[in-house]
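In what follows, a structure is listed as structure tokens, so that the remarks can point back to it.
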Amino acid sequence: ATDEDITTLCGWFADAAERARAAGFDGVEIHAGHGYLISSFLSRSTNLRSDEYGGPLENRARVLLRVIRAVRERVGTGFPVWCRLDGVEFRKQNGITEADAQRTAELAVAAGLDAVHVSAYADPRSAIGFTDAPLPHQPSAYLGLARGIKQRVAVPVIAVGRIAPDAADRAIADGDADFVAWGRALIADPELPAKLARGDAAQSRCIYSYRCVGNIFLRRAASCAVNPRAGREGELRIEHAARRRRVLIAGGGPAGLEAARLLALRGHAVTLCEREPELGGLALAAVAAEPNNAPLLDELLRAVAAAKIELRLGCEVTDSVVAEIDPDAVVLAVGARRVRPRIPGADAAHVLDPWQLRGGFEAALANGPRVAVVGAGLVGVEIAERLAELGATVSLIAAQTVIAPEMSPPRRWRAVHLLKEHGVARHTGAELVAIEPGRAIFLHAGERREIAVDGVVLSDALAPDDALAAALAPRGREVHRIGDCVAPRTFEEAIYEATTAAALL
């Protein structure tokens with residue numbers, strides 16, 4: 017880019033800021049991070065120029081400073097202008113350092129900024145890099161970066177990067193930042209700030225599956241694994257029902273809990289029956305495998321406990337229960353039924369299924385550290401990840417050849433990277449044929465192979481449970497099936513189907 021090009025660029029930024037002010041916006045943020053044009057000048061890894069825009073930091077920051085001055089001149093001093101900076105670049109040779117970012121922030125404030133928004137970036141060519149930055153998997157990942165810049169500038173500092181509400185309160189109270197920005201948390205629950213302002217003990221229900229941003233790589237519209245209304249606000253309306261109905265929900269897993277919450281919100285009389293002594297269903301195993309799944313279940317349990325819902329634990333829905341409650345509609349969320357492959361050894365004591373992991377992973381390691389996980393879908397991969405983190409020697413055996421295709425691309429990139437990092441052996445395109453004491457036997461490309469194991473987890477040992485639906489069909493009742501009883505899938509389908517059922521009723 018020539019100096020003339022850069023002058024034109026500065027004019028474009030100023031034009032955009034002027035349009036934003038004219039449209040009624042209260043301020044503008046100049047994006048100077050995440051590998052975009054301005055950040056490519058700031059980073060030594062991409063800025064190889066030898067003129068006045070390259071070399072020392074003051075030169076590399078020159079484009080940013082010119083943009084800030086152009087914007088400030090156009091909008092005046094009464095209109096807030098701030099910029100987003102990378103506090104560091106991960107996994108990049110000659111990337112932006114913390115010292116670079118702190119000095120850049122000082123220069124930018126001197127040029128006319130009203131605040132600094134501190135994010136981060138990583139080499140996108142690294143499989144796991146995207147989940148280091150700009151969308152971190154680790155909680156409060158960039159808070160230290162914000163703290164470092166806060167100590168160097170006299171304007172407000174905005175922190176970002178998976179900061180939970182309680183951590184946000186602490187960060188502001190401790191002086192690490194003046195504001196906290198949320199992205200994924202608000203896609204998952206746009207009402208979160210209002211809930212917190214009311215004093216509710218709410219947390220974000222985001223499970224950090226990267227479904228929202230992952231859709232970019234699939235050329236799809238934005239969506240959310242735990243908020244089906246994101247991107248569909250005009251289609252999925254949850255409004256107070258015109259007529260109050262009595263609704264029976266069979267099953268207290270994520271699908272049943274979300275349906276109960278929404279139906280109660282609509283004003284219906286809701287009874288939720290769960291055959292187990294506790295709520296959660298198979299989600300308890302999902303939380304044991306991947307703690308990031310916990311916020312959704314925690315929020316569902318909190319919301320259901322706070323709503324006017326009749327809960328019956330240890331109550332399996334039968335014809336007599338339906339007759340007693342006499343509902344106007346029944347929502348079946350009974351989950352999947354447990355199945356075992358028809359192979360020798362599938363019923364052995366050291367062979368487990370996901371249902372048996374609801375209380376934790378001790379059972380999978382009871383006989384020793386060598387564990388084979390059968391199935392390489394999302395469930396199998398999260399189980400394998402957790403076992404490897406616990407120190408197990410893990411092998412994946414799967415008929416499929418692609419690991420966890422149902423995961424969003426960034427989450428899958430991270431999962432595959434961690435499987436490699438933990439040394440998980442992957443036997444894809446394989447057929448499990450027998451389980452014997454101390455070994456699992458499978459076929460791969462027609463060749464018989466075996467691996468030494470102390471335990472086996474059948475991650476895909478689940479099938480739709482349509483028994484209750486079949487029993488109720490002749491009774492002529494209005495029945496809606498949602499979640500894993502339709503087909504074993506993910507939280508996303510469970511929550512979506514619960515929402516659509518609640519909207520219909």
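Here the sequence shown is numbered in the numbering used here, starting from 17 and rising by one per residue. Yeah, the Cβ is synthetic: ideal placement off N, Cα and C, and Gly gets one too.
Beta-carbon to beta-carbon, Val132 and Val173 are separated by about 5 Å, close enough to satisfy the 8 Å threshold. Assigned with DSSP and collapsed to three states, Val469 falls in coil, not helix or strand. DSSP places Arg455 within a strand segment (E or B) once states are collapsed to three.
Comparing alpha-carbon positions, the option among Ser55, Arg402 and Arg76 lying closest to Ala305 turns out to be Arg402. Put simply, the backbone Cα of Arg214 is about 41 Å away from that of Val432. Rounded to whole angstroms, the gap between the alpha carbons of Val171 and Pro152 is 25 Å. In this structure Val418 is exposed. Its beta-carbon is surrounded by fewer than 16 other beta-carbon atoms within 10 angstroms. Assigned with DSSP and collapsed to three states, Gly103 falls in strand. Within the same chain, Gly268 and Leu329 come within 6 Å of Glu290 by CB-CB distance, once the 5 residues on both sides are set aside. For Ala310, the closest C-alpha among the options Arg221, Ser135, Asp139 and Ala275 is that of Arg221. CA-CA distance, Cys501 to Cys240, rounds to 22 Å. With contacts defined by Cβ atoms closer than 9 Å, Gly361 and Pro385 do not form a contacting pair.
In chain order, Glu401 place their CB closer than 7 Å to the CB of Leu434, counting only its own chain and leaving out the 5 sequence neighbours on each side. Excluding residues up to 5 positions away in sequence, Gly267, Gly269, Gly297, Leu298, Asp481, Gly499, Asp500 and Cys501 lie with their Cβ nearer than 7 Å to the Cβ of Gly351 in the same chain. Arg82 sits away from Arg119, with the two beta carbons spaced by 9 Å or more. A check of alpha carbon separations from Pro96 across Glu68, Ala121, Glu122 and Leu129 identifies Leu129 as the nearest. Looking only at Glu494, Pro293, Leu448 and Arg430, the smallest Cα-Cα distance to Arg141 is reached by Arg430.
In this structure Pro357 does not touch Ala301 by the C-beta definition: roughly 19 Å separates them, more than the 8 Å allowed. Residue pairing by DSSP places Leu327 opposite Leu288 in a beta bridge. For the 9 Å CB-CB criterion, Ala218 and Ala197 do not form a contact. Per DSSP, the unbroken alpha helix (DSSP H) holding Arg318 starts and ends at Ala310 to Ala322.
DSSP links Glu45 through a beta bridge to Trp98.
Distance from the CA of Glu122 to the CA of Ala183, rounded to the nearest whole angstrom, comes to 26 Å. Check the Cα spacing between Ala388 and each of Arg374, Thr409 and Glu378: the tightest is with Thr409. With contacts defined as CB atoms closer than 9 Å, Trp98 and Glu34 fail to qualify as a contacting pair.
Partner residues in the beta bridge of Phe195, as assigned by DSSP, are Ile174. Apart from the 5 residues on each side of it in sequence, Ala319 sits with its Cβ closer than 7 Å to the Cβ of Arg277 in its chain, given in chain order. The straight-line gap separating the alpha-carbon atoms of Phe146 and Glu332 is approximately 44 Å. As DSSP reads the structure, Glu463 sits in a beta bridge with His460. For Glu494, the enclosing beta strand (DSSP E) covers residues Glu494 to Arg497. Within the segment 108 to 142, the beta strand (DSSP E) runs of at least 3 residues that lie entirely inside it are, in chain order, 131 to 138.
Taking the Cα of Val286 as reference, the smallest distance to any Cα among Asp342, Thr23 and Ala77 is reached at Asp342. Contact between the segment 500 to 519 and the segment 242 to 252 is established, with three or more Cβ pairs separated by less than 8 Å. Residue state for Glu447 is assigned as strand, using DSSP reduced to three classes.
By alpha-carbon distance to Asp148, the top candidate from Arg178, Ala127 and Lys166 is Arg178. Distance between Glu326 and Pro293, taken at the CA atoms: about 15 Å.
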